[in-house]
Amino acid sequence: MSMNDQLSDLMTDNIPEFTVGDISTAIKRILEGNFSRVKVRGEITELKKYPSGHIYFSLKDEQGKLTAIIWRFMAAKLKMQLENGIEIVATGKISSYGERSSYQLIVDHVDYAGEGAMLARIEKLRKKLEEEGLFAQERKRPIPLLPQTIGVITSPKGAVLHDIKTTIARRFPRDILIWPVAVQGDGAVEQIVRAIEGFNQFSDDTKLPRPDILIVARGGGSLEDLMAFNDERVVRAAANSQIPLISAVGHETDTTLIDFASDRRAPTPTAAAEMAVPSKADMIAGLMQYTTRLSKALIHTNQAYRLRLDRAISKLPDIPSLLAQSRMRLDDRSYRLDLSLPSLVMKRRHQLAAIKPVDQYVFGLLSRLKSTVNVHKVQMTSSWRHYGQQQKAALPPLPSSLLKSTYREKKIQLESLASRLESLSPKAVLSRGYVFVKDKQGHTVTQAKGLRAGAELNLTFYDGERMVRVVKEQDQRQETLDL
Numbered sequence: 001m002s003m004n005d006q007l008s009d010l011m012t013d014n015i016p017e018f019t020v021g022d023i024s025t026a027i028k029r030i031l032e033g034n035f036s037r038v039k040v041r042g043e044i045t046e047l048k049k050y051p052s053g054h055i056y057f058s059l060k061d062e063q064g065k066l067t068a069i070i071w072r073f074m075a076a077k078l079k080m081q082l083e084n085g086i087e088i089v090a091t092g093k094i095s096s097y098g099e100r101s102s103y104q105l106i107v108d109h110v111d112y113a114g115e116g117a118m119l120a121r122i123e124k125l126r127k128k129l130e131e132e133g134l135f136a137q138e139r140k141r142p143i144p145l146l147p148q149t150i151g152v153i154t155s156p157k158g159a160v161l162h163d164i165k166t167t168i169a170r171r172f173p174r175d176i177l178i179w180p181v182a183v184q185g186d187g188a189v190e191q192i193v194r195a196i197e198g199f200n201q202f203s204d205d206t207k208l209p210r211p212d213i214l215i216v217a218r219g220g221g222s223l224e225d226l227m228a229f230n231d232e233r234v235v236r237a238a239a240n241s242q243i244p245l246i247s248a249v250g251h252e253t254d255t256t257l258i259d260f261a262s263d264r265r266a267p268t269p270t271a272a273a274e275m276a277v278p279s280k281a282d283m284i285a286g287l288m289q290y291t292t293r294l295s296k297a298l299i300h301t302n303q304a305y306r307l308r309l310d311r312a313i314s315k316l317p318d319i320p321s322l323l324a325q326s327r328m329r330l331d332d333r334s335y336r337l338d339l340s341l342p343s344l345v346m347k348r349r350h351q352l353a354a355i356k357p358v359d360q361y362v363f364g365l366l367s368r369l370k371s372t373v374n375v376h377k378v379q380m381t382s383s384w385r386h387y388g389q390q391q392k393a394a395l396p397p398l399p400s401s402l403l404k405s406t407y408r409e410k411k412i413q414l415e416s417l418a419s420r421l422e423s424l425s426p427k428a429v430l431s432r433g434y435v436f437v438k439d440k441q442g443h444t445v446t447q448a449k450g451l452r453a454g455a456e457l458n459l460t461f462y463d464g465e466r467m468v469r470v471v472k473e474q475d476q477r478q479e480t481l482d483l
């Protein structure tokens, strides 16, 4: 055996011997001792969430990859949502798992790896939600002019709530319902979502009235402080709210994703309160201005119509003068009528008295007409016979049918004249129930006026005449005839 071989055997006998467990324990002690609390920056990959609640993922960069674990009780406290491709800074401790000869980072806190990573994630989420239509203008609801109840979602501490309350009280006092929430840190996202959805669940059955408008507000802060309002759950809750929502997160230069989903975006909480309610003083001033303008317009319109009416009146005739003239003509006609009517009545009465009694006149007329008809009948018969004798020798005898037809025609004409004559006869009138009334002197009586009690009258009926006397009834109002 050479010297080198002897030396090598001696050195091998001096190497300590360890079990696998000893080595695993020693490595774990060294790792946890030297890396008891570390921050590791890397990009999330191979993210897996198990039903147990534990989260497994890896952090990688250009030089390597590190396995990481978040236990269930710590996962519930995360203030951000983990996704593959996000660059984060994970805080925890290095530990080993001897059964697999592996080591991993036990994470208890996660932050974005600088503002650049947070802004990149926010922009990615913004594009995603915009493609879904959550930011579309047609989804925006109008803000009511004068809400009865205003719901405010904000932290109960700080100046934000005070600014909103004082602004509303100054502009137009309204009822305010406050839902206190954490606006940053652990649990802020869940509380904000619960507040928005809770206000929307108010109804007539709840003790508190349903707000007409919601204000989600918080003061200014860093990008990390405002990340709760960039969370997807908060943005979706704001977009799905049935109550009009005003976002007032941060200062005027700060922009969060809830601003895109809300119905109105206010630069500050005070501006949000001014959007929620109008200024009472401005409304009163505007109303007074409208009242003044309306009064002036009415006065101007009244004057214009009065001027048109005056012009129309000037073109009309003088109605009072026309009425006066017509009244004068009426009075003159009435006076002349009063004078002429009695004179006309007297004239007609004298003319009537001068005419023979109607019955004697008519009977005489009928008698003369009958005599004339008889004379013409005799003359026509004689002439016809004479004419017939003269023509008998010269002409052949006429057919008997022609003679009969001519005779029948002449007979009809004669009967028609006799019928017309009979219709004019006073006896035809008397046969229908009428009578002729004459006084004792033989004058025709046509009116009851002027008859005195005891006057004798002669009544001519269809079949004879009777004398009557006028008597007066006991009530001195009616007069009867005693036959």
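UniProt numbering puts the first residue of the sequence shown at 1, with every later residue one more than the last. From the three backbone atoms N, C-alpha and C, an ideal C-beta is built for every residue, glycine too.
Per DSSP, the unbroken beta strand (DSSP E) holding P180 starts and ends at D175 to P180.
Put simply, the region 15-35 does not touch the region 58-68. Fewer than three CB pairs are less than 8 Å apart. When C-beta atoms of the region 192-199 are compared with those of the region 232-240, three or more pairs fall below 8 Å, so the two segments count as touching.
Check the Cα spacing between E132 and each of N200, A159 and F260: the tightest is with F260.
If you draw a straight line from the Cα of G221 to the Cα of V249, it comes to about 9 Å. For K39, the uninterrupted beta strand (DSSP E) run begins and ends at V38 to K49, by DSSP. The Cβ-Cβ distance between V181 and I153 falls below 7 Å.
Sequence-distant Cβ neighbours of L145 in its own chain, meaning closer than 8 Å and more than five residues away, are P278.
The distance from the Cβ of K60 to that of E87 is about 10 Å, inconsistent with a contact at the 8 Å cut-off. The alpha-carbon of R452 is positioned some 19 Å away from that of R349. Taking a contact to require three or more Cβ pairs closer than 8 Å, the region 299-308 and the region 283-290 do not qualify as touching. Counting the other Cβ atoms within 10 Å of the Cβ of L257 gives 16 or more, which makes it buried. Between the alpha carbons of L31 and L105 lies a gap of roughly 10 Å.
Each of R41, K77, S36 and K39 was checked against the Cα of I55, and the nearest Cα belongs to K77.
Counting only the Cα atoms, S58 lies some 40 Å from P267. For I15, no beta strand (DSSP E) encloses it, and the DSSP letter there is neither H nor E. If you look at F229, you'll find it isn't in any beta strand (DSSP E); DSSP assigns it neither H nor E. Each of E252, E232, D254 and D263 was checked against the Cα of L245, and the nearest Cα belongs to D263. Rounded to the nearest angstrom, the gap between the Cα atoms of I319 and K296 is 34 Å. With a threshold of 16 other beta carbon atoms within 10 Å, N230 meets it and is buried.
The three-state reading of DSSP puts F57 in strand, counting E and B together. Remark: C-beta atoms of V471 and A455 do not approach each other more closely than 7 Å. Counting only the Cα atoms, L414 lies some 28 Å from G433. Spanning the alpha carbons of V468 and K449 requires a straight line of approximately 17 Å. H350 sits in a helix when the DSSP states are folded into three classes. L134 counts as buried, since no fewer than 16 other beta carbons sit within 10 angstroms of its beta carbon.
The residue from I213, Y112 and T25 with its alpha-carbon nearest to that of E224 is Y112. DSSP places R466 within a strand segment (E or B) once states are collapsed to three.
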